[in-house]
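Asker: Chains as they are written, first to last, in the working numbering: chain A, 1 to 457; chain B, 458 to 679.
Idealized CB from N, CA, C, for every residue including glycine.
Bear in mind the structure is a predicted one, so any value in this text is a computation, not a measurement.
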Amino acid sequence: MTGTGSIGRRLTLLLALVAALLSVLSWSMVTGLSRQAVARTQDNVLAASATTIAETLRSEQGEVRLELPYSAFSMLGAISQDRVFYRVSAGDRVLTGYDDLPSPTGAAPGIGQVVFDTGDYSNETIRMASVTRLVLAGGQPVPVTVTVAQTRSGVSTISADLSRQAAILSVAFFLVAVGFSAIAARTSLRPLNEIAASVSRRGPSDLRPLRRDAPTELAPLMLSLNRLMGRLGQSIRRSEDFIAEAAHRIRTPLATVRAQAEIALRSVGDETEKRRLRQIIRAVDESSRSAGQLLDHATVIYRTDDLALSPVDLAELVGQTAAALEPTAAMKEIRLDVAATPARVMGDPVLLDNALRNVLDNAIKYSPEETEVSIRVTTKEDQVHITVTDEGPGLGDGPLGALTERFRRGDDTQGIVGSGLGLTIAEDVLLAHDGRLDLKNRDGGTGTCVTLVLPCS
Amino acid sequence: MRYLLVEDNLELSEAVVNRLALDGHAVDHAASLAEAEEWLSIASYDLILLDVMLPDGDGRDFLARSRARIETPVIVLTARSQVSDRVGALDQGADDYITKPFDFSELEARCRAVLRRRGGSARNEIDLGEAVFDPLAGTLSHHGTTLELRNREIRLLEVFARHQGQILSKSQLLDQLFSYDAQVTENAIEVYVGRLRRRIDGMGLRIETVRGVGYRIETRAP
Numbered sequence: 001m002t003g004t005g006s007i008g009r010r011l012t013l014l015l016a017l018v019a020a021l022l023s024v025l026s027w028s029m030v031t032g033l034s035r036q037a038v039a040r041t042q043d044n045v046l047a048a049s050a051t052t053i054a055e056t057l058r059s060e061q062g063e064v065r066l067e068l069p070y071s072a073f074s075m076l077g078a079i080s081q082d083r084v085f086y087r088v089s090a091g092d093r094v095l096t097g098y099d100d101l102p103s104p105t106g107a108a109p110g111i112g113q114v115v116f117d118t119g120d121y122s123n124e125t126i127r128m129a130s131v132t133r134l135v136l137a138g139g140q141p142v143p144v145t146v147t148v149a150q151t152r153s154g155v156s157t158i159s160a161d162l163s164r165q166a167a168i169l170s171v172a173f174f175l176v177a178v179g180f181s182a183i184a185a186r187t188s189l190r191p192l193n194e195i196a197a198s199v200s201r202r203g204p205s206d207l208r209p210l211r212r213d214a215p216t217e218l219a220p221l222m223l224s225l226n227r228l229m230g231r232l233g234q235s236i237r238r239s240e241d242f243i244a245e246a247a248h249r250i251r252t253p254l255a256t257v258r259a260q261a262e263i264a265l266r267s268v269g270d271e272t273e274k275r276r277l278r279q280i281i282r283a284v285d286e287s288s289r290s291a292g293q294l295l296d297h298a299t300v301i302y303r304t305d306d307l308a309l310s311p312v313d314l315a316e317l318v319g320q321t322a323a324a325l326e327p328t329a330a331m332k333e334i335r336l337d338v339a340a341t342p343a344r345v346m347g348d349p350v351l352l353d354n355a356l357r358n359v360l361d362n363a364i365k366y367s368p369e370e371t372e373v374s375i376r377v378t379t380k381e382d383q384v385h386i387t388v389t390d391e392g393p394g395l396g397d398g399p400l401g402a403l404t405e406r407f408r409r410g411d412d413t414q415g416i417v418g419s420g421l422g423l424t425i426a427e428d429v430l431l432a433h434d435g436r437l438d439l440k441n442r443d444g445g446t447g448t449c450v451t452l453v454l455p456c457s
Numbered sequence: 458m459r460y461l462l463v464e465d466n467l468e469l470s471e472a473v474v475n476r477l478a479l480d481g482h483a484v485d486h487a488a489s490l491a492e493a494e495e496w497l498s499i500a501s502y503d504l505i506l507l508d509v510m511l512p513d514g515d516g517r518d519f520l521a522r523s524r525a526r527i528e529t530p531v532i533v534l535t536a537r538s539q540v541s542d543r544v545g546a547l548d549q550g551a552d553d554y555i556t557k558p559f560d561f562s563e564l565e566a567r568c569r570a571v572l573r574r575r576g577g578s579a580r581n582e583i584d585l586g587e588a589v590f591d592p593l594a595g596t597l598s599h600h601g602t603t604l605e606l607r608n609r610e611i612r613l614l615e616v617f618a619r620h621q622g623q624i625l626s627k628s629q630l631l632d633q634l635f636s637y638d639a640q641v642t643e644n645a646i647e648v649y650v651g652r653l654r655r656r657i658d659g660m661g662l663r664i665e666t667v668r669g670v671g672y673r674i675e676t677r678a679p
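#1: In angstroms, rounded to a whole number, what distance separates the CA positions of A255/A and D241/A?
#2: Determine the extent of the beta strand (DSSP E) in which H599/B is found, giving its start and end residues.
#3: Given that Q234/A touches chain B, what residues does it touch there, using C-beta distances under 8 Å?
#4: Counting only C-beta atoms, is R266/A closer than 9 Å to chain B at any point?
#5: Would you mind giving the Cβ-Cβ distance between T413/B and T596/B, rounded to the nearest angstrom? I have them listed as a contact below 8 Å.
#6: Following a CB-centred definition, is G396/A positioned closer than 8 Å to any heavy atom of the ligand NAD?
#7: Are there 16 or more other CB atoms within 10 angstroms of the CB of T187/A, so buried, or fewer, so exposed?
#8: In whole angstroms, what separates the C-alpha of G77/A from that of V45/A?
#9: From R65/A to P143/A, what does the alpha carbon distance come to, in whole angstroms?
#10: Shortest alpha-carbon distance to G179/A belongs to which of T451/A, V388/A, V350/A and L11/A?
#11: Given a cut-off of 9 Å, decide if A588/B and T666/B are closer than it, judged by their beta-carbon atoms.
#12: So for F590/B, helix, strand or coil by DSSP?
#13: In chain A, what lies closer than 9 Å to D515/B by C-beta?
#14: Within the same chain, show all residues whose beta-carbon is closer than 7 Å to that of S80/A, passing over the 5 residues directly before and after it, in chain order.
#15: Tell me the residue span of the beta strand (DSSP E) that contains H477/A.
#16: Quick one: is S290/A near chain B, going by C-beta distance under 9 Å?
#17: Assuming I674/B and Q621/B make a contact with CB atoms under 8 Å, what is their CB distance in whole Å?
#18: Where in the region 304-386 of chain A do unbroken runs of the alpha helix (DSSP H), each at least 4 residues long, occur, reported from the N-terminal end onward?
#19: Which one of T529/B, E495/B, A493/B and G514/B has the shortest CA to CA distance from M458/B?
#20: Opposite H620/B in the DSSP bridges: which residues?
#21: Go through its chain and collect everything with a Cβ distance to H433/A's Cβ below 7 Å, but skip five positions before and after it.
#22: Name the residue from L462/B, R656/B, A500/B and I664/B whose alpha carbon lies nearest to the alpha carbon of T535/B.
#23: With distances taken from CA atoms, which of A72/A, P327/A, I425/A and Q165/A is nearest S34/A?
#24: Check whether the region 279-292 of chain A and the region 310-325 of chain A are in contact - that is, three or more C-beta pairs closer than 8 Å.
#25: Pick helix, strand or coil for S489/B, following the three-state DSSP scheme.
#26: Starting from I263/A, find everything on chain B with Cβ-Cβ shorter than 8 Å and list it in chain order.
#27: What would DSSP say about S501/B, mapped onto helix, strand or coil?
#28: Taking the CB atoms as reference points, tell me whether D345/A and C456/A lie closer together than 9 Å.
#29: How many Å lie between D390/A and L325/A at the Cα?
#30: Within 9 Å (strictly less), CB to CB, does R238/A reach chain B?
#31: By a C-beta neighbour count over all protein chains shown, 10 Å radius and 16 as the cutoff for buried, is D99/A buried or exposed?
#32: Could you pull out every unbroken beta strand (DSSP E) segment of at least 3 residues lying fully inside the region 156-237 of chain A, listed in chain order?
#33: Along the chain, where does the beta strand (DSSP E) containing F561/B start, and where does it finish?
#34: Quick check on V144/A: does DSSP put it in helix, strand or coil?
#35: Report the rounded CA-to-CA distance for L458/A versus F173/A, giving the unit in angstroms.
#36: Grouping DSSP H, G and I as helix and E and B as strand, with all else coil, what is G671/B?
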């Protein structure tokens, strides 16, 4: 398909695009949520750790004392293998831990409140939690701040893992969705394809309306298709009827004139009158022949537009056509000598018969009395040749190609009834069958040799 | 021979009936299929000439319908040529078809061919003195000898046979044998008569030349 492309491909592409969007969206949501969940878990553990340490603060002899509980650090080890830092300070004095550990910035912490911050320490990103508690030391409340910090790399690894898994799932989801989209597109287009197939399976002359169940969306298409076929059928019938009617209207009165002229020819004695009557008969033959061939030509043109091909045995066809022309040939004591080997081609038998009939008709018409017209069917490689050879005057010296032009007649046609369409019709038929018409003067002696060439099936 | 002509065009029918009568044939005319049925129920024919387009139906349908009942050979008269015909006349059971307008010599040649093919139940022999001429079979018999004649010889002898005792001019023979072929001259008639004369030599017949007038067939009384 060209132009607007394939509906199926477009539908699949659209559905895949939607699936891709959804996949990316779900992946980014899962990633964000998992990162948040991991960060919150770390915060909670850090807060719990800081609070646990702060719980152990007490005053002893006016000094602030503490014990670092093991559990405060083991809980941090539970989530990841990240490094842990801490510091306990009373005011500006560091009681224990890492002196240079930064403390959370921002709003000054209220007593007992946990404050979180993110900062850098020894070239790593760390997450910190601080809690401040008042400890009575020497009768004075001293604010003691406990800060616990942890690096983030282990935590990031966890969220990266989760994100990767989410990505794998999303890609899998995307692939499955694309597969389903393709299937869905094909399934929903199947009725369309079935209609197309049932139309193309039909012969060229089968113009009955399509009777099959179709989805609601295709009903208008079916309806207009059926209407179109109806109109087409009607116009073909009308032109066939017109041709038949025209032939009938033209030829019936001509037949009357001819018969009356023949009767008159018998009853008059005067030579001049007889000559006139012969001229009438001749003119009648001439015009009926022309009318017939014009109508034939019209029929051949529209039949060749859409060939109804079927297997044809040319030997059989040649035999039948020759038999049909036998009485005409016998009138001039012309012998039709047929020799044929079976040769199968694909074609329209009515058209092929008409082409051969036109060629044979010419041969009989231009042959002198008591001669022979030979018809040979031979197979050469992948071609079938039907060769018609007569003992007539031949084709003369004019250009041979011009003889198949419409209304063109050869040089030596004086006194012979013809319209000049016979060879044109024959050539049209052969060209429509991927064949050709060869014209030449007969080898050795006068006569014409016409060959109808057709490809073997 | 006895013909039934089924044709709705009256002028054409009249011309065909008259023309066939000139050759000594009896012709009944039906203008419709219904009339044809009537004729067929009361008479028997050697041949039916059937038009295709008739007021009460298609001649070919009639043919397909009544083929089983009617054994008479049928030649379809058609204005259409074969390509434009949706259903071939021959497929419907016709023995042959001829396109209007037709040459009567050709019609006769076709009739002869059909009747010969059908085995010709019709007795169509013409007695020529001691000889018997069958234009249908194209044979001339005399005392156990049978001569096969060729198309043109049959037609020429038939003309003489139908005009026994009469003198036929070259011009008359020309008219009956070549109604339209302008190339044929009276000299050709001399050639054909000369050839027929040699062919039938010894068959009890003689074609006599009547100087300055024409020819006449002489038969020996049996």
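Answerer: Here's the rundown:
#1: For this step, residue 255/A is matched to residue 255 along the first sequence. For this step, residue 241/A is matched to residue 241 along the first sequence. Going from the Cα of A255/A to the Cα of D241/A covers about 20 Å.
#2: Here residue 599/B corresponds to residue number 142 of the second sequence, with the count starting at 1. Counting along the chain, the unbroken beta strand (DSSP E) around H599/B starts and ends at T596 to H599.
#3: Your numbering for residue 234/A matches position 234 in the first sequence. Simply none; closest approach about 15 Å.
#4: Your numbering for residue 266/A matches position 266 in the first sequence. For R266/A, the answer is yes, since a Cβ of chain B falls inside 9 Å of its Cβ.
#5: The question about residue 413/B has no answer here: the residues shown for chain B are numbered 458 through 679.
#6: No copy of the ligand NAD occurs in the structure displayed, which carries no ligand at all.
#7: In the first sequence, the residue the question calls residue 187/A occupies position 187. Under this definition T187/A is an exposed residue.
#8: To locate residue 77/A, count along the first sequence from 1; it is residue 77. To locate residue 45/A, count along the first sequence from 1; it is residue 45. Using only the alpha carbons, I get a separation of about 10 Å.
#9: Indexing the first sequence from 1 puts residue 65/A at position 65. Indexing the first sequence from 1 puts residue 143/A at position 143. So the two alpha carbons sit approximately 13 Å from each other.
#10: The count along the first sequence starts at 1 and reaches residue 179/A at position 179. Comparing Cα positions, the closest option is L11/A.
#11: Position 209 of the second sequence, counted from the first residue, corresponds to residue 666/B. Position 131 of the second sequence, counted from the first residue, corresponds to residue 588/B. No, these two residues do not count as a Cβ contact at 9 Å.
#12: Counting from one through the second sequence, the residue named residue 590/B turns up at place 133. Reduced to three states, the DSSP call for F590/B is strand.
#13: Working through the second sequence from its first residue, we reach residue 515/B at position 58. Residues of chain A passing the Cβ test: none, with the nearest at roughly 11 Å.
#14: Taking the first sequence and counting its residues from 1, the one referred to as residue 80/A is at position 80. Within the same chain, S80/A has close Cβ partners G154, V155 and I158.
#15: The structure shown does not extend to residue 477/A, since chain A spans only 1 to 457, so no value can be given for it.
#16: Taking the first residue of the first sequence as 1, we reach residue 290/A at position 290. Cβ-Cβ to chain B under 9 Å: no for S290/A.
#17: Here the question's residue 674/B lines up with position 217 in the second sequence. Here the question's residue 621/B lines up with position 164 in the second sequence. Indeed, because the Cβ distance is near 6 Å, the residues count as touching under 8 Å.
#18: 314-331 and 349-366
#19: Start at 1 with the first residue of the second sequence, and residue 458/B comes out as number 1. Closest by alpha carbon: T529/B.
#20: Within the second sequence, numbered from 1, the residue matching residue 620/B stands at position 163. Paired residues: none, contrary to the question.
#21: To locate residue 433/A, count along the first sequence from 1; it is residue 433. Around H433/A: G347 and L454.
#22: Start at 1 with the first residue of the second sequence, and residue 535/B comes out as number 78. T535/B has its Cα closest to that of L462/B, out of L462/B, R656/B, A500/B and I664/B.
#23: Counting from one through the first sequence, the residue named residue 34/A turns up at place 34. Minimum Cα distance to S34/A is reached at Q165/A.
#24: They do not touch, by the three-pair rule.
#25: Counting from 1 along the second sequence, the entry for residue 489/B is found at position 32. It is coil, neither helix nor strand.
#26: Along the first sequence, read from residue 1 onward, the residue named residue 263/A stands at position 263. What I263/A touches in chain B: A472, N475, R476 and L479.
#27: As a first step, residue 501/B is located in the second sequence; it is residue number 44 there, counting from the start. S501/B: coil per DSSP, three-state reduction.
#28: Numbered from its first residue, the first sequence carries residue 345/A at position 345. Numbered from its first residue, the first sequence carries residue 456/A at position 456. The sequence as given places Val at residue 345/A; Asp does not occur at that position. Going by C-beta atoms, V345/A is nearer than 9 Å to C456/A.
#29: Counting from 1 along the first sequence, the entry for residue 390/A is found at position 390. Counting from 1 along the first sequence, the entry for residue 325/A is found at position 325. Their backbone Cα atoms lie some 15 Å apart in a straight line.
#30: Stepping through the first sequence from its first residue, residue 238/A is reached at position 238. Closer than 9 Å: no.
#31: Locating residue 99/A in the first sequence gives position 99, counting from the first residue. By the Cβ neighbour-count rule, D99/A is exposed, with fewer than 16 other Cβ atoms within 10 Å of its own.
#32: none
#33: Position 104 of the second sequence, counted from the start, is the residue given in the question as residue 561/B. Careful: F561/B lies outside any beta strand (DSSP E), inside the alpha helix (DSSP H) at F561 to R574.
#34: As a first step, residue 144/A is located in the first sequence; it is residue number 144 there, counting from the start. Strand, per DSSP.
#35: Chain A is shown only over 1 to 457; residue 458/A falls outside these bounds and no answer can be derived.
#36: Taking the first residue of the second sequence as 1, we reach residue 671/B at position 214. Residue state, collapsed to three classes: strand.
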